[in-house]
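Chains as they are written, first to last, in our numbering: chain A, 1 to 203; chain B, 204 to 478. For reference, the structure discussed in these notes is given below.
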Amino acid sequence: MSRANDIRYRAIVAGVSMGGVEALRVMFGGLPGDFPLPLLVVHHTGVDPGSELASILDARSAIRVKEADDEEVIRPGTAYLAPANYHLLVEKSGALALSVDPPVNFARPSVDVLFESAATAFGSRLIGVILTGAGSDGSRGLKAVQDKGGVAIVQDPADAEADSMPRGALAVVTADHVLPLKNICGLLCSLAASGAGKTDERR
Amino acid sequence: MNAVDIEDVEIRLLLEAIFRVYGYDFRQYAAASLRRRLTQWLQKSGLRSFSEAQARVLRDREVFSELLEGITVNVSEMFRDPHFFKALREEVVPHLKTFPFIKIWAAGCSAGEEVYSLAVLLCEEGLAGHYRIYATDINERILRQAEEGIYPLEKMQQFTQSYQRTGGKRDFADYYTARYDRAILARDLRNGIVFASHNLAVDAGLGEMQLVLCRNLLIYFTPALKERALSLFDGSLRSGGFLCLGTKETLSGRCIAGAYSEIAPGTRIYRKKYV
Ligand SMILES: C[S@@+](CC[C@H](N)C(=O)[O-])C[C@H]1O[C@@H](n2cnc3c(N)ncnc32)[C@H](O)[C@@H]1O
Chain A
1 MSRANDIRYR AIVAGVSMGG VEALRVMFGG LPGDFPLPLL VVHHTGVDPG SELASILDAR
61 SAIRVKEADD EEVIRPGTAY LAPANYHLLV EKSGALALSV DPPVNFARPS VDVLFESAAT
121 AFGSRLIGVI LTGAGSDGSR GLKAVQDKGG VAIVQDPADA EADSMPRGAL AVVTADHVLP
181 LKNICGLLCS LAASGAGKTD ERR
Chain B
204 MNAVDIEDVE IRLLLEAIFR VYGYDFRQYA AASLRRRLTQ WLQKSGLRSF SEAQARVLRD
264 REVFSELLEG ITVNVSEMFR DPHFFKALRE EVVPHLKTFP FIKIWAAGCS AGEEVYSLAV
324 LLCEEGLAGH YRIYATDINE RILRQAEEGI YPLEKMQQFT QSYQRTGGKR DFADYYTARY
384 DRAILARDLR NGIVFASHNL AVDAGLGEMQ LVLCRNLLIY FTPALKERAL SLFDGSLRSG
444 GFLCLGTKET LSGRCIAGAY SEIAPGTRIY RKKYV
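What follows is the structure in structure tokens.
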């Protein structure tokens, strides 16, 4: 049986915009290659497709970083970036899905869309992370994660290059953890390890 | 069972009921994005649950039409992914020119943005009068809109930029007339285009085509429905014909993959092999 079935969480979702390249470099860079969870990430690039971003981050991280493909099944130790101009969603089976539905609050990909679909798919077995960024995308999504019993993590606004996304999230969610970027990988590692052996009582 | 699981059951039942009553088959649409759009529709409708909605939808065609609008994603633009249209112009059109008459199927054409883009390109390449485009969609309201070829004027700036990036050399303003806040496409562009309703989930294929476009629709289907649609396209394409998918759609792993080769990696333009 795969390790993913033994641990409490199915995935981590993360949302980031302004300041995101650096934030993702730090977060991915701090995770070991055998990190036991998949990460699904929406990064607003604003400009044109950032398919190079995945390979840049991949080269600097022990985990694998790639652009998400339609129908791809998520795997541990891998980060999937939403492609530019597509929303990223996840099915209960763990297969990724893309859509060209209209932008949500001017954003496509949208953090809210990813977080809400993951909260529906994985319920309490989900960790949501809001990092630096302008705008307020992700607040509704993080609330959905928490409402379904998942863990809500927000980068400390004082530590964020752009604080409005973290502030927006904190305005609607009482986060389980608010901390500076450099401490987030450590927290993710201990969350991923702590739940080992437990199973979700709702499943 | 938790709330999500119960709602999943309600959605399945609703889709089954819609199929039986109206013949529209959404049972094999990818679940996550379908659920998202159904939920948005439900919130707007003022109904409290999908079970409650089912009773209304089955008896009231108006309510069903609204739901259909909610489910079908009529989001498009002219020259979406300019690099694709550039490849079409440079790599595919030369082959099309060898035929006396060209038949093209554009499936999931939405409000016509894509087919008019194609028409612009074909006319610039000297093929005016030598082609027919069968432009199909499941949504009849959007097809009527497509026939008109009228778009918000504010979109023209973006369309013009994309047009230029496809290698278009004319002034894009030649292709439309601005009236108040709308842009009316030139009449000539409509020649040779037939708009018709067609559902890839239930209908049969069309006749012998040299080119099939189906972009940004397969992502909404489950693998089984993708296979169905692709086998329709395959049955409608002659050897040497071209099949074009969206930037994030691929033939890899599909039944018909072996019979096609991508003209260049990442173009999502596939050519049917001669056997
Ligand atoms: C996102 S749009 C893509 C428009 C255009 N091809 C493009 O790439 O810009 C998808 C279209 O497919 C249509 N559609 C959805 N389900 C369909 C089906 N089963 N058969 C045919 N068309 C369908 C929708 O009504 C919508 O207009």
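Just so it is clear, CB atoms sit at the ideal spot from N, CA and C, and this is done for glycine as well.
Does the distance from the C-beta atom of A309(B) to that of I336(B) stay below 8 Å?
Your numbering for residue 309(B) matches position 106 in the second sequence. Your numbering for residue 336(B) matches position 133 in the second sequence. It is a contact, given that the beta carbons lie within the stated cut-off.
Counting only beta-carbon atoms, is Y423(B) nearer than 8 Å to chain A?
Residue mapping note: residue 423(B) aligns to position 220 of the second sequence, counting from 1. So, interface residue.
Starting from the beta carbon of E452(B), find every residue of chain A whose beta carbon is closer than 8 Å, and list them in chain order.
Your numbering for residue 452(B) matches position 249 in the second sequence. In chain order: D70.
Backbone secondary structure at V13(A) - three-state DSSP
Position 13 of the first sequence, counting from 1, holds the residue named residue 13(A). In this structure, V13(A) counts as strand in the three-state DSSP scheme.
Can you check whether the C-beta of A290(B) is within less than 8 Å of a C-beta belonging to chain A?
Residue mapping note: residue 290(B) aligns to position 87 of the second sequence, counting from 1. Closer than 8 Å: no.
Can you pull the chain B residues whose beta carbon is under 7 Å from the beta carbon of Y9(A), in chain order?
One-based indexing of the first sequence puts residue 9(A) at position 9. The contacting residues do not exist; Y9(A) stays about 17 Å from chain B at best.
Whether or not the segment 455 to 471 of chain B and the segment 326 to 342 of chain B are in contact is what I'm after, with contact meaning three or more pairs of Cβ atoms, one per stretch, closer than 8 Å; do they touch?
no
Does ligand 1 have even one heavy atom less than 7 Å from the beta-carbon of R418(B)?
Taking the second sequence and counting its residues from 1, the one referred to as residue 418(B) is at position 215. True, at least one ligand heavy atom lies under 7 Å from that Cβ.
In the DSSP output, which residue or residues are listed as bridge partners for S190(A)?
Residue 190(A) sits at position 190 when you count from the first residue of the first sequence. Bridge partners of S190(A): none, in fact.
Buried or exposed: C417(B), going by 16 or more other Cβ atoms within 10 Å of its Cβ?
Start at 1 with the first residue of the second sequence, and residue 417(B) comes out as number 214. Flag for C417(B) reads buried.
Using only CA atoms, which one of V104(A), P103(A), L114(A) lies nearest to V42(A)?
Start at 1 with the first residue of the first sequence, and residue 42(A) comes out as number 42. The residue with the shortest Cα to Cα distance from V42(A) is L114(A).
Quick one: is R238(B) buried, meaning 16 or more other Cβ sit within 10 Å of its Cβ, or exposed?
For the purposes of this step, residue 238(B) is taken as residue 35 along the second sequence, with counting starting at 1. Its Cβ being crowded by 16 or more others within 10 Å, R238(B) is buried.
Candidates S61(A), G33(A), E52(A), A14(A): closest to R25(A) by CA position:
Numbered from 1 along the first sequence, position 25 holds the residue referred to as residue 25(A). The option with the nearest alpha carbon to R25(A) is S61(A).
Are L446(B) and Y423(B) close, meaning C-beta to C-beta below 8 Å?
The residue you call residue 446(B) lines up with position 243 of the second sequence. The residue you call residue 423(B) lines up with position 220 of the second sequence. No, Cβ-Cβ distance for L446(B) and Y423(B) is not below 8 Å.
Determine the direct distance from the alpha carbon of R471(B) to that of S455(B), and round the result to whole angstroms.
One-based indexing of the second sequence puts residue 455(B) at position 252. One-based indexing of the second sequence puts residue 471(B) at position 268. Roughly 10 Å separates the two Cα atoms.
Close beta carbons around F288(B), own chain, < 7 Å, minus the five adjacent residues each side
Numbered from 1 along the second sequence, position 85 holds the residue referred to as residue 288(B). Taken in chain order, the residues that qualify are F282, S320, L324, T369.
How many Å lie between K143(A) and D137(A) at the Cα?
Here the question's residue 143(A) lines up with position 143 in the first sequence. Here the question's residue 137(A) lines up with position 137 in the first sequence. When rounded, the distance between both Cα atoms is 11 Å.
Which residues in the same chain as G410(B) place their Cβ atom closer than 8 Å to its Cβ, once the five residues preceding and following it in sequence are excluded?
Position 207 of the second sequence holds residue 410(B). The answer, listed in chain order, is K306, S439.
Taking G273(B) and R240(B) to be in contact with their CB atoms under 8 Å, please state how far apart those CB atoms are, rounded to whole angstroms.
To locate residue 273(B), count along the second sequence from 1; it is residue 70. To locate residue 240(B), count along the second sequence from 1; it is residue 37. Their Cβ separation, rounded to whole angstroms, is 6 Å, which keeps G273(B) and R240(B) in contact under 8 Å.
Taking Cβ-Cβ distances below 9 Å as the criterion, which residues of the segment 123 to 147 of chain A are in contact with chain B?
G123
Kindly indicate which residue of V260(B), Y379(B), F253(B), T339(B) has the alpha-carbon position closest to the one of I209(B).
One-based indexing of the second sequence puts residue 209(B) at position 6. Among V260(B), Y379(B), F253(B), T339(B), the Cα nearest to that of I209(B) is on F253(B).
Take the Cβ of A68(A) as the centre, count every other Cβ of all protein chains shown within 10 Å, and call the residue buried at 16 or more, exposed below.
Translated into the one-based positions of the first sequence, residue 68(A) becomes position 68. Burial call: buried.
Indicate, with yes or no, if ligand 1 has a heavy atom lying under 7 Å from the CB of E317(B).
Locating residue 317(B) in the second sequence gives position 114, where the first residue counts as 1. Indeed, a heavy atom of ligand 1 lies less than 7 Å from the Cβ.
Any residues in the segment 12 to 46 of chain A with a beta carbon nearer than 9 Å to a beta carbon of chain B? Which ones, in chain order?
none
Spatially closest choice to S117(A) from G19(A), L40(A), E22(A), by CA coordinates:
For the purposes of this step, residue 117(A) is identified with residue 117 of the first sequence, where counting begins at 1. When only C-alpha atoms are compared, the closest one is L40(A).
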